[in-house]
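K.L.:
So that we are looking at the same thing, I have put the structure below in structure tokens.
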Amino acid sequence: MNTSLASYGYCFAGILQRELLRFVLQKSRFLSALVRPLLWLAVFAAGFRAVLGVAIIPPYETYITYEVYITPGLIGIILLFNGMQGSLSMVYDREMGSMKVLLLSPLPRAFVLISKLLALALISLLQVAAFLAIAWCFEIRPPLSGYLTVIPAALLAAYMLAALGLVLSSLIRQLENFAGVMNFVVFPLFFLSSALYPLWKLRESSEWLYHVSHFNPFTHAVELVRFALYGQLNGQALTVCLAVTTVLTLAAVKGFNPSRGLAPRAARP
Amino acid sequence: MSSQSMNRANSNEIALAIEGVGFAYPQKVALAELSLELPSGQFLALLGPNGAGKSTLMALLTGLLKPGGGRITVFGRDLARHPRHALAELGVVFQQSTLDLDLSVAQNLSYHCALRGLSPKAGRRAIDQQLERFALSECRTQPVRRLNGGHRRRVELARALLHGPRLLLLDEPSVGLDIPSRRELNRHVRELCRDEGVAVLWATHLLDELQADDQLLVLHRGRCQAQGKVAELVQGSAAGSLNSLFDQLTEAA
């Protein structure tokens, strides 16, 4: 059995290549991943620009437009939807049987699953890059160094959300149940966060909403990206993201059930 | 035939040993106390009607399910204790197609090579070899979605052989194929067995895929109903033909 270090590299490269190929082949997936945040940016943010004033808050050093504020949140939405897309494709792979091919690898299952998560996270980064390029045309121009420092931050956030997707895919029995994920996971994570409005603004309306949003890991993913985009490190956001990523990865790997989808439907509990 | 293949064919190693294996779904016993031995280079047909437990057994042998009891060893390695070593010896074709329809034939095969830890160079060599063997070279760049059922099955078989497995598990590989394609697939597998010493476990419910000197295990409702050479089983019963014997064994239980 070939278990040299190189074989792990070949395995990861193969998984990444497959995800890239699927991504390139599914053009509508790429377009919808871009159109969604662009709509928020071009329509929602433009409409709310006059309504929502944003005071000077870190990492910004001056008054900013709402479009500038919302950009890291929209990067977050790209990563969040990609995480869920990854989850959906894992449920689909399981139902279609192609997950079995992955599980027959003689390399450790944890390695294979983590490689899959990392591959999905790297694909998300491509979409973030495309979004930032378009945002540049909307006059949203963070410092050039920010385009480099945002890479590790967005990668960590993307990985964390992909791991969340894998955990969810273990809990979802059938493809049809996926709509519930949107209602009970994606929307609460997104709206109860600092993606669309600063938390102090939320606190003015509701103290408990503020606290819920403050504990939302997605808030910290967005803040990590927001600070990194301006060349700064938000230590608290990094700590929370690292901790949540570790817990979700362990839960995803430990909770992964290869027999899911094999039991005859009539015999399912 | 290569010297490696000759060595393999001459080996009397036990490729697969199943000892008292059982498995139950929450509301159904799928397999009960099943035992069998499959030496290298032997073709063993696992015959049973739908729902007999064949696919459950395949899932147990590939580690997708954990047995409720008993022991499975692949070339002497306990599957439960050394799953990675056991999986490395296996080539598998599942009943349901597991190809990625959007990817090309070569991309599907290359993904499999990577998952097995093969270098790109070794992978390309293995892919060329298997595509040639199964007369699929012309389909190399075609998306699997465009292939007919027979070609897809050949691609799956080619994929199962890329890493040089010594044990081949085939779960109703000919389902949905026309008669010429079924014969072709059956011929390929028997050649692998005879020429390269690969041990083959072929699960089926189609009696015409069996030959008189094949080893056979009849499975019904998760239990072994009969085990032995096809010709001997038929001669030793009052049935007169394999068809009648199969009917008797699967109706009586």
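Protein sequences, first through last, are from chains A and B. Note that the working numbering has the first sequence beginning at -10, numbered continuously upward. Note that the working numbering has the second sequence beginning at 34, numbered continuously upward. Glycine included, each C-beta is placed from N, C-alpha and C at the ideal position.
1. Apart from the five residues just before and just after residue 70(B), which ones in its own chain have a Cβ nearer than 6 Å to its Cβ?
2. Is DSSP giving residue 195(B) helix, strand or coil here?
3. To the nearest angstrom, how far is the alpha carbon of residue 120(B) from that of residue 93(A)?
4. Output needed for residue -3(A): all residues of its chain with C-beta closer than 8 Å, excluding positions within five of it in sequence on either side, in chain order.
5. Measuring CB to CB, does residue 72(B) end up less than 8 Å from residue 283(B)?
6. Going residue by residue through the stretch 103 to 127 of chain B, where are the continuous alpha helix (DSSP H) segments of at least 4 residues, counting only ones entirely within it?
7. Between the stretch 77 to 89 of chain A and chain B, which residues of the former have CB atoms less than 9 Å from a CB of the latter, in chain order?
8. Please list, in chain order, the chain A residues whose beta carbon lies closer than 9 Å to that of residue 129(B).
9. Check for me: the beta strand (DSSP E) holding residue 237(B) runs from which residue to which?
10. Report yes or no: do three or more beta-carbon pairs, one from the stretch 55 to 74 of chain A and one from the stretch 106 to 113 of chain B, lie closer than 8 Å?
11. Taking the continuous alpha helix (DSSP H) assigned at residue 290(B), which residues delimit it?
12. Mind the definition here: the stretch 136 to 151 of chain A touches the stretch 103 to 115 of chain A only if three or more C-beta pairs lie below 8 Å; say whether that holds.
13. What in chain B is Cβ-close to residue 10(A), meaning under 7 Å?
14. So, at 7 Å on beta carbons, what are the nonlocal neighbours of residue 151(B) in its own chain, with the 5 sequence-adjacent residues on each side left out?
15. Using only the alpha-carbon positions, how far apart do residue 220(B) and residue 170(A) sit?
16. For a test of the three-state rule: what should DSSP assign to residue 176(B), helix, strand or coil?
17. Check for me: the beta strand (DSSP E) holding residue 201(B) runs from which residue to which?
18. For a test of the three-state rule: what should DSSP assign to residue 186(A), helix, strand or coil?
19. Can you give me the C-alpha to C-alpha distance between residue 125(B) and residue 145(B), rounded to a whole angstrom?
20. What in chain B is Cβ-close to residue 2(A), meaning under 9 Å?
21. Is the beta carbon of residue 241(A) sitting closer than 8 Å to the one on residue 156(A)?
22. Buried or exposed, going by whether 16 or more other CB atoms sit within 10 Å of the CB of residue 275(B)?
23. Go ahead and label residue 214(A) buried or exposed: buried means 16 or more other beta carbons lie within 10 angstroms of its beta carbon, across all protein chains shown.
24. The beta strand (DSSP E) with residue 56(A) in it runs from where to where?
25. Helix, strand or coil: which one does DSSP assign to residue 47(B)?
26. Which residues in the same chain have their Cβ closer than 8 Å to the Cβ of residue 175(A), if we skip the five residues on either side of it in sequence?
27. Of the choices 187(B), 254(B), 262(B), whose alpha-carbon is the least far from that of residue 245(B)?
28. Rounded to the nearest angstrom, what separates residue 104(A) and residue 193(A) at their Cα positions?
29. Could you round the C-beta distance between residue 77(B) and residue 268(B) to whole angstroms and report it? I think they count as a contact, below 8 Å.
30. Below 9 Å between beta carbons is the criterion; list the residues of the stretch 82 to 99 of chain B that meet it against any residue of chain A, in chain order.
31. Check whether the Cβ of residue 254(B) lies closer than 8 Å to any Cβ atom in chain A.
32. Assuming residue 191(B) contacts residue 142(B) (C-beta within less than 8 Å), just tell me the rounded distance between them.
33. What does a CB cutoff of less than 8 Å around residue 17(A) pick up in its chain, not counting 5 residues either side in sequence?
34. Along chain B, which residues have their Cβ under 8 Å away from the Cβ of residue 160(A)?
35. Could you work out which residues of chain B lie near residue 141(A), taking near to mean beta carbons separated by less than 9 Å?
36. Specify the secondary structure class of residue 162(A) as computed by DSSP and reduced to three states.
P.N.:
So, from the data block:
1. Taking the first residue of the second sequence as position 1, residue 70(B) is located at position 37. 47, 50, listed in sequence order.
2. If you number the second sequence from 1, residue 195(B) lands on position 162. The answer is coil: DSSP assigns residue 195(B) none of H, G, I, E or B.
3. Here residue 120(B) corresponds to residue number 87 of the second sequence, with the count starting at 1. Here residue 93(A) corresponds to residue number 104 of the first sequence, with the count starting at 1. C-alpha separation (whole angstroms): 6 Å.
4. Reading the first sequence from its first residue, position 8 is the one you call residue -3(A). So the qualifying residues of the chain are 96, 100.
5. Counting from one through the second sequence, the residue named residue 72(B) turns up at place 39. Counting from one through the second sequence, the residue named residue 283(B) turns up at place 250. Taking 8 Å as the Cβ cut-off, residue 72(B) and residue 283(B) do not qualify as a contacting pair.
6. 116 to 122
7. 82, 85, 86, 87, 88, 89
8. Taking the second sequence and counting its residues from 1, the one referred to as residue 129(B) is at position 96. By Cβ distance, chain A contributes 85, 86, 89.
9. Numbered from its first residue, the second sequence carries residue 237(B) at position 204. From DSSP, the beta strand (DSSP E) with residue 237(B) extends over 232 to 237.
10. no
11. Because chain B here runs from 34 to 286, residue 290(B) falls outside it and cannot be looked at.
12. yes
13. Reading the first sequence from its first residue, position 21 is the one you call residue 10(A). 136, 140, listed in chain order.
14. Locating residue 151(B) in the second sequence gives position 118, where the first residue counts as 1. Cβ neighbours of residue 151(B) beyond the five flanking positions: 159, 196.
15. Here residue 220(B) is taken as the residue at index 187 of the second sequence, counted from 1. Here residue 170(A) is taken as the residue at index 181 of the first sequence, counted from 1. Looking at the two C-alpha atoms, the distance is approximately 48 Å.
16. Taking the second sequence and counting its residues from 1, the one referred to as residue 176(B) is at position 143. DSSP places residue 176(B) in strand when its eight states are reduced to three.
17. On the second sequence, residue 201(B) is found 168 positions in, with the first residue counted as 1. Here the beta strand (DSSP E) through residue 201(B) covers 200 to 204.
18. In the first sequence, residue 186(A) corresponds to position 197, counting from 1. Coil at residue 186(A), not helix or strand.
19. Stepping through the second sequence from its first residue, residue 125(B) is reached at position 92. Stepping through the second sequence from its first residue, residue 145(B) is reached at position 112. Residue 125(B) and residue 145(B): Cα-Cα distance of roughly 11 Å.
20. Here residue 2(A) corresponds to residue number 13 of the first sequence, with the count starting at 1. Within chain B, the residues near residue 2(A) are 147, 153.
21. Numbered from its first residue, the first sequence carries residue 241(A) at position 252. Numbered from its first residue, the first sequence carries residue 156(A) at position 167. Closer than 8 Å, so yes.
22. For the purposes of this step, residue 275(B) is identified with residue 242 of the second sequence, where counting begins at 1. By the 10 Å Cβ count, residue 275(B) comes out buried.
23. Here residue 214(A) corresponds to residue number 225 of the first sequence, with the count starting at 1. With 16 or more Cβ atoms within 10 Å of its Cβ, residue 214(A) is classed as buried.
24. Here residue 56(A) is taken as the residue at index 67 of the first sequence, counted from 1. Residue 56(A) -> not in any beta strand (DSSP E); alpha helix (DSSP H) instead, spanning 55 to 85.
25. Taking the first residue of the second sequence as 1, we reach residue 47(B) at position 14. Three-state result, residue 47(B): strand.
26. Locating residue 175(A) in the first sequence gives position 186, counting from the first residue. Excluding positions up to five away in sequence, the list reads 69, 70, 73.
27. Taking the first residue of the second sequence as position 1, residue 245(B) is located at position 212. When only C-alpha atoms are compared, the closest one is 262(B).
28. As a first step, residue 104(A) must be located in the first sequence, where it is residue number 115. As a first step, residue 193(A) must be located in the first sequence, where it is residue number 204. Cα atoms of residue 104(A) and residue 193(A): separation of roughly 43 Å, rounded to the nearest angstrom.
29. Here residue 77(B) corresponds to residue number 44 of the second sequence, with the count starting at 1. Here residue 268(B) corresponds to residue number 235 of the second sequence, with the count starting at 1. Contact doesn't hold; Cβ gap of about 19 Å is too wide.
30. 84, 88, 89, 92, 95, 96, 97, 98, 99
31. For the purposes of this step, residue 254(B) is taken as the residue at position 221 of the second sequence. No, residue 254(B) does not count as interfacial toward chain A.
32. Within the second sequence, numbered from 1, the residue matching residue 191(B) stands at position 158. Within the second sequence, numbered from 1, the residue matching residue 142(B) stands at position 109. Right, the Cβ-Cβ distance comes to about 7 Å (below 8 Å), so this counts as a contact.
33. Taking the first residue of the first sequence as 1, we reach residue 17(A) at position 28. Only residues of its own chain outside the window of five on either side were considered, and among them none has a CB closer than 8 Å to the CB of residue 17(A).
34. The count along the first sequence starts at 1 and reaches residue 160(A) at position 171. The premise fails here: residue 160(A) is roughly 18 Å from chain B at the closest Cβ pair, so nothing lies under 8 Å.
35. Here residue 141(A) refers to the residue found at position 152 of the first sequence. The contacting residues do not exist; residue 141(A) stays about 26 Å from chain B at best.
36. For the purposes of this step, residue 162(A) is taken as the residue at position 173 of the first sequence. Coil at residue 162(A), not helix or strand.
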